[in-house]
Structures are given as C-alpha cells and as structure tokens.
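Reviewing the structure listed below.
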Amino acid sequence: MTLMVVGAHPDDAEIMAGGALAKSPGSAIVIVTKGELGSAHKPRDVLVEERKREAEEAAKILKAKLMMLGFEDSKLENSWEAALRIAYAIRLFRPKIVITHHPREYHPDHVTTYWLVRKAVHIAGLPNAEVEGKPHTVKNVLLAGIGNIYLDISDVMDVKLEAIRRHKSQIEWLRDIASNVEVQNRFWGAKVGVRYAERFSLLRPMVIKELELLSH
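Under my numbering, the first residue of the sequence shown carries the number 22, and numbering increases by one thereafter.
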C-alpha cells in the first residue's frame, strides 16, 4: 500500500488529503475519534452511528480501506494505548507514506493525533514492540495544510468533494465545508500553476542523490 491517512475525526482525512487518497486507490483511512461532539443538536449515540456510516460511504468513494479507533472526541490524550492502536494500523496496512495533521492546527485533537502518529510510526518499526504484526518502516510522513510540497489534485477534485459531501451531518452543522475546501485547494493550486492542489510538509528531511529528481 502506498498511503495511509490518519485523521482525528470523521471527515478530517477527506478534507486534508482526499485528493491524495483518490489518486491512490486501495489506500487506508484511520479515524482516531468517534466525532460525537460534531453537532449542535443531535444526541451523541445517534451522531456516532451517523458519522460512522458517512465515513464508510466516503471511504468507498475514495476506494480506501477504513479503520475507526473509537476514542472520545475532544478527550483524546497522547497515550500509549492510542499510539499502539495506530502502530497496529501501520503494521496492518504497511503504507509507504503516512499523512496526518500538522501540529500547528487549531483543534487539540488534531495536535494530539500528530504526536500519536509520530510515536506510532516509531513503534511500528521496532521488532520488540508489543504490537501485533510484522515490523514496518514508513518511508515518509507528510503533515497536511502547511509547507511547500503541493500535490496536483486537479484530476480528482470532483472525487474529493463527493467524498466530503458524504459527511452530511457536518454539512448541516458547518454548512459550507465542501465549498471552503474547494476554495482552499484552488488557492493552493493557483500558487503553483495548477487548478487544485493539496499542501504538505515533510516530517523528516528527505535525501536525494540527484538534483534531476527535482526537475520533473
């Protein structure tokens, strides 16, 4: 598998990397919390089931596998248990690239998810770690929304938006979520001369052997 995207809440993966997922069929989405606080009026138990169905529908559109870890929304802690669960997902799906939140994001769950992914990527590669599955080394971790790496998603933007629109509970609450994402991706695309783009930064330095690799 090429790609695994780890989001704090249902819909986060599609918002920050739906284009990357659409360009990499067979990849994986890991959702850390249930998202039960993502409504102003729906009961938690109703919303949990609704958001689960929405996440499943969105994953089908993106042709991605889905794993939901079920931690509580806005109570997420940088715990060993949560890191082990993500490390297990890494060993199970064996991605070359993991995408997650940038630590400068506003939501505490997003920041905590970043730290959990950092820990999980490390744990997943350790042979003696108490995690089910064979050790796996992730080649690169990308942090979404900030940086100078731009992925051209012009050819799959319609797929990304369709996946986002499956999260109807959030459209009811946040209203213009799909439109806002489209504007953001168009803005990033304009910066690099394409119609739509997603923006990332590398967690670790990248080594290249030839400058020609940067000329494509």
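The beta carbon of each residue, even a glycine, is placed where N, CA and C say it ideally should be.
- Message: How far does the alpha helix (DSSP H) with residue 19 in it extend, from its first residue to its last?
- Response: Residue 19 is absent from the model: the chain starts at 22 and stops at 237.
- Message: What would DSSP say about residue 184, mapped onto helix, strand or coil?
- Response: Along the sequence shown, one-based indexing puts residue 184 at 163. Residue 184: helix per DSSP, three-state reduction.
- Message: Taking the straight line between their C-alpha atoms, what separation do you get for residue 83 and residue 134?
- Response: In the sequence shown, residue 83 corresponds to position 62, counting from 1. In the sequence shown, residue 134 corresponds to position 113, counting from 1. So the alpha carbons of these two residues sit roughly 22 Å apart.
- Is there at least one Cβ from chain B nearer than 8 Å to residue 150's Cβ? Among the chains of the structure shown, chain B does not appear; only one protein chain is present.
- Can you find at least 3 beta carbon pairs, one from the region 115 to 128 and one from the region 163 to 182, that sit closer than 8 Å? yes
- Inter-residue Cα distance where the pair is residue 118 and residue 201: Here residue 118 refers to the residue found at position 97 of the sequence shown. Here residue 201 refers to the residue found at position 180 of the sequence shown. Their Cα atoms are separated by approximately 26 Å.
- Of the residues 142, 62, 101, the one placed nearest residue 225, counting alpha carbons only: Taking the sequence shown and counting its residues from 1, one reaches residue 225 at position 204. Taking only the C-alpha atoms, the option nearest residue 225 is 142.
- Query: From what residue to what residue does the beta strand (DSSP E) around residue 25 run?
  - Reply: For the purposes of this step, residue 25 is identified with residue 4 of the sequence shown, where counting begins at 1. Looking at the DSSP string, the run of the beta strand (DSSP E) that includes residue 25 is 24 to 28.
- Message: One question on the structure: do residue 58 and residue 50 come within less than 8 Å of each other, judged by their Cβ atoms?
- Response: Taking the first residue of the sequence shown as position 1, residue 58 is located at position 37. Taking the first residue of the sequence shown as position 1, residue 50 is located at position 29. Their beta carbons are not under 8 Å apart, which means residue 58 does not touch residue 50 by this criterion.
- Can you give the Cα-Cα distance for residue 159 and residue 137, rounded to whole angstroms? Taking the sequence shown and counting its residues from 1, the one referred to as residue 159 is at position 138. Taking the sequence shown and counting its residues from 1, the one referred to as residue 137 is at position 116. Rounded to whole angstroms, residue 159 to residue 137 spans 14 Å at the Cα level.
- Query: Does DSSP classify residue 15 as helix, strand or coil?
  - Reply: Beyond the ends of the chain as shown, which are 22 and 237, falls residue 15; an answer cannot be given.
- Following the continuous alpha helix (DSSP H) through residue 109, name the residue where it begins and the one where it ends. Translated into positions along the sequence shown, residue 109 becomes position 88. Residues 101 to 114.
- Task: Pick helix, strand or coil for residue 220, following the three-state DSSP scheme.
- Result: Counting from one through the sequence shown, the residue named residue 220 turns up at place 199. Looking at residue 220 - three-state DSSP - the assignment turns out to be strand.
- Query: Three-state secondary structure (DSSP) at residue 227?
  - Reply: Position 206 of the sequence shown holds residue 227. Three-state result, residue 227: coil.
- Report buried or exposed for residue 214, applying the criterion of at least 16 other Cβ atoms within 10 angstroms of its Cβ. Along the sequence shown, read from residue 1 onward, the residue named residue 214 stands at position 193. Exposed, since its Cβ has fewer than 16 Cβ neighbours within 10 Å.
- Task: Could you tell me how far apart the beta carbons of residue 90 and residue 53 are, in whole angstroms, since I believe they sit closer than 8 Å?
- Result: Position 69 of the sequence shown, counted from the first residue, corresponds to residue 90. Position 32 of the sequence shown, counted from the first residue, corresponds to residue 53. Confirmed, Cβ separation roughly 5 Å.
- Delimiting residues of the beta strand (DSSP E) encompassing residue 172: As a working mapping, residue 172 is identified with position 151 in the sequence shown. Here the beta strand (DSSP E) through residue 172 covers 161 to 173.
- Task: Thinking residue 44 and residue 174 are a contact (beta carbons under 8 Å), I'd like their distance in whole angstroms, please.
- Result: Stepping through the sequence shown from its first residue, residue 44 is reached at position 23. Stepping through the sequence shown from its first residue, residue 174 is reached at position 153. At roughly 7 Å, the Cβ-Cβ gap stays under 8 Å, so residue 44 and residue 174 are in contact.
- residue 47 in three-state terms, based on DSSP: As a working note, residue 47 is residue 26 in the sequence shown. In the structure shown, residue 47 sits in coil (DSSP, three-state: anything other than H, G, I, E or B).
- Query: Looking at C-alpha atoms only, which residue of 80, 65, 40 is the closest neighbour of residue 188?
  - Reply: As a first step, residue 188 must be located in the sequence shown, where it is residue number 167. For the residues 80, 65, 40, the minimum Cα distance to residue 188 belongs to 80.
- Message: For a quick check, are the C-beta atoms of residue 190 and residue 70 less than 8 Å apart?
- Response: For the purposes of this step, residue 190 is taken as the residue at position 169 of the sequence shown. For the purposes of this step, residue 70 is taken as the residue at position 49 of the sequence shown. No, these two residues do not count as a Cβ contact at 8 Å.
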